[in-house]
Amino acid sequence: MIMICAFALMISTLLKSSALAIALSIVIEFAGSIVSNLLALWGKDYAKYLFFNNTDLYQYVEGEPLSKGMTVGFSLSVLVVYFILFMAVSLFVFEKRDITS
């Protein structure tokens with residue numbers, strides 16, 4: 285949930301529209317997980333680094349990660365990197381905006 289909120293915050297900062305950002309983040313969440321699952325099924329090695337493959341940590345409880353080499357620690361470290369990236373982009377764009385009252 286925290287990662288989806290960070291993603292929505294970044295999109296809302298980039299687009300200046302909260303409603304569009306929420307709708308777009310939901311659409312991207314569903315489409316991204318489908319694309320990530322397809323890439324994992326096709327055997328693409330870079331699929332394990334995608335944001336959407338690592339947001340579902342329940343896959344480790346079931347014992348069946350999507351790609352080889354994925355562990356809980358790997359997914360958490362990928363999510364931390366994406367979180368830092370989302371917050372850095374949001375902060376950079378927000379500071380560059382000209383806010384007038």
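By the count of our numbering, the sequence shown reaches residue 385 at its end, each step adding exactly one. Think of the CB as a built atom: it goes at the ideal place given N, C-alpha and C, for glycine as much as any other residue. If you're wondering where the values come from, they're calculated on a predicted model, not measured in any experiment.
Whose C-alpha, out of the options, is nearest the C-alpha of residue i?
{"i": "L341", "options": "I312, S296, G357, W326", "result": "G357"}
{"i": "L322", "options": "Q343, V345, L350", "result": "L350"}
{"i": "S361", "options": "S374, K380, Y333, E346", "result": "Y333"}
{"i": "S309", "options": "F370, F378, V364", "result": "F370"}
Return the chain-ordered list of same chain residues with a C-beta closer than 6 Å to the C-beta of residue i, the five sequence neighbours on each side being excluded.
{"i": "S296", "result": "S302, A305"}
{"i": "A324", "result": "A331, L350, S351"}
Rounding to the nearest angstrom, what Cα-Cα distance links residue i and residue j in this structure?
{"i": "L375", "j": "A292", "result": "13 Å"}
{"i": "E348", "j": "Y330", "result": "18 Å"}
{"i": "A372", "j": "G327", "result": "31 Å"}
{"i": "Q343", "j": "L363", "result": "15 Å"}
Quick one: residues in its chain with C-beta nearer than 7 Å to the C-beta of residue i, no 5 flanking neighbours on either side, listed in chain order?
{"i": "F367", "result": "M287, A290"}
{"i": "M354", "result": "K332"}
Leaving out five residues before and five after residue i in sequence, what residues of the same chain have Cβ atoms less than 8 Å from its Cβ?
{"i": "F378", "result": "T297"}
If contact is defined by three or more beta carbon pairs under 8 Å, each pair taking one atom from either stretch, is the region 309-326 in contact with the region 337-354? The region 337-354 vs the region 309-326: in contact.
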